[in-house]
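Okay, so the sequence shown: first residue is -4 according to the working numbering, each after it adds one.
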Amino acid sequence: MPDAQGYLDFEVIARIDNMQLLAKVLVEGFVLGLHRSPYRGFSVEFAEHRQYSPGDEIKHIDWKVFGKTDRYYIKQFEEETNLACYIIVDASASMAYKSKDTGLTKLQYASYMAACLAYFIMRQRDAVGLMIFDHDVRTVLPPRMRPSHLKHVLAALDGLQPDRETNIANPLHHLADGLKRRGLIILISDLLDDPQNVISALQHFRFQGHDIIVFHVMDNAELTFPFDAMTEFTDLETNQKATVSPEGMRATYMRELKAFLSAYEKGCADVQADYKLFDTTLPLELALSEYLYRRSRMG
């Protein structure tokens, strides 16, 4: 994988309060690492750059990229892929969870991921749209390619606050009903809802010919259940509380978690949606890698 850890340290991220600057730092760090990497799991040919080939005009070489990578890349400004990408972000109350004071909430992680994807998509001359939801649709920005549009997308993600209970299926159906142009759907959520209802909504997109990526965002504690003392758990959406002995609950919890994750993994496979589970401690570069790999397969 590209070595961009210096750009992706979460303590550094936490100190960058400007969403556009944060996306720029993360994406350009990723791109620089990608150009230096021998990794070949996906295409490294971007809409705005391609590697120099004999016969190309020297005047089109990007000398700044050469200075950073010691490789020749040609600037490409005329090609547009005309792909429309719709990024869908879950901002329900459950996304407020984080297990460590120094970590990111699931919503912060999802917002940063969405910002990076939006910035990266527009670097490739693709159009990006955004939908934010909880129980209902909160924000919809249709896909555009203009730089001013990216500012609107990042402004909507900046400081996004979690609210209300989760209802994933209804907002997805609402968006699917309103889409006039086929494209790529990217759902970013903790998916704490009935898997059957969510998969049914994803099927709605497939019926319309869209490609789908599901980024399943969960906190490390949700995936590992590291608690070892009597603990009070609070449901962030209903505010219900329960005090339990983790030792007595661990086996049951892990069994239910496995079934929950399997339901989404299998359901996504059934509707031909790409599924990727993200622990919020993982580098955000993985989201960019998954996106770019998916785009290379679509081509």
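We treat Cβ as the ideally placed atom computed from N, Cα and C, and that holds for glycine. As the structure is a prediction and not an experimental result, all values here were calculated from the model.
* 8 Å contact criterion, which Leu125 and Thr134 should meet: CB distance rounded -> About 7 Å; that satisfies the 8 Å criterion.
* To do: Indicate the three-state DSSP secondary structure (helix, strand or coil) for Val193 in the structure shown.
  => Residue state, collapsed to three classes: helix.
* When you compare only the Cα positions, how much space is there between Arg31 and Val60? -> Because Arg31 sits at a pLDDT of 46, beneath the cut-off of 50, its placement in the model cannot be relied upon, and the point is left open.
* To do: Could you pull the start and end residues of the alpha helix (DSSP H) that Phe255 belongs to?
  => In the DSSP annotation of this structure, the continuous segment of the alpha helix (DSSP H) that includes Phe255 starts and ends at 241 to 265.
* **Alpha carbon of His205 to alpha carbon of Lys253, nearest angstrom** => Answer to the nearest angstrom: the Cα atoms are 28 Å apart.
* Asked: For the putative contact between Ile56 and Val123, defined by C-beta atoms under 8 Å, what is the C-beta separation to the nearest angstrom?
  -> For Ile56 against Val123, the beta-carbon gap comes to about 28 Å, at or over 8 Å, which does not count as contact.
* **CA-to-CA distance, Pro142 to Arg177, given in whole angstroms** => Taking the straight line joining both Cα atoms gives about 22 Å.
* Asked: Could you give the residue range of the beta strand (DSSP E) that holds Ile180?
  -> Per DSSP, Ile180 belongs to the beta strand (DSSP E) from 179 to 184.
* How about Ala246 and Ser94: are their beta carbons less than 7 Å apart? -> Going by C-beta atoms, Ala246 is not nearer than 7 Å to Ser94.
* Same chain, Cβ closer than 6 Å to Phe200, five either side skipped, listed in chain order -> Answer for Phe200: Ala171, Ile180, Ile207, listed in chain order.
* Asked: Pick from Thr233, Thr275, Thr238, Ser284: whose alpha carbon is nearest that of Met213?
  -> Put simply, of Thr233, Thr275, Thr238, Ser284 the residue whose alpha carbon is nearest the alpha carbon of Met213 is Thr275.
* If you run the structure through DSSP and keep just helix, strand and coil, what is Ile163? -> Coil at Ile163, not helix or strand.
* Give me the Cβ distance between Met90 and Leu102, rounded to the nearest whole Å; I'm assuming they're in contact under 8 Å. => In this structure, Met90 and Leu102 form a Cβ contact; the two beta carbons are roughly 4 Å apart against a cut-off of 8 Å.
* Asked: Would you report the Cα separation of Thr97 and Tyr107, rounded to the nearest angstrom?
  -> Across the structure, Thr97 and Tyr107 are spaced so that their CA atoms are roughly 16 Å apart.
* Asked: Using a Cβ-Cβ cut-off of 7 Å (strictly less than) and excluding sequence neighbours within five positions of Gln383, which residues of its own chain qualify?
  -> The chain is shown only over -4 to 294; residue 383 falls outside these bounds and no answer can be derived.
* Asked: What number of angstroms, rounded off, separates the C-alpha of Asp189 from the C-alpha of Ser195?
  -> Whole-angstrom Cα-Cα distance: 10 Å.
* Output the distance between the C-alpha atoms of Arg289 and Lys19, rounded to the nearest integer angstrom. => When rounded, the distance between both Cα atoms is 21 Å.
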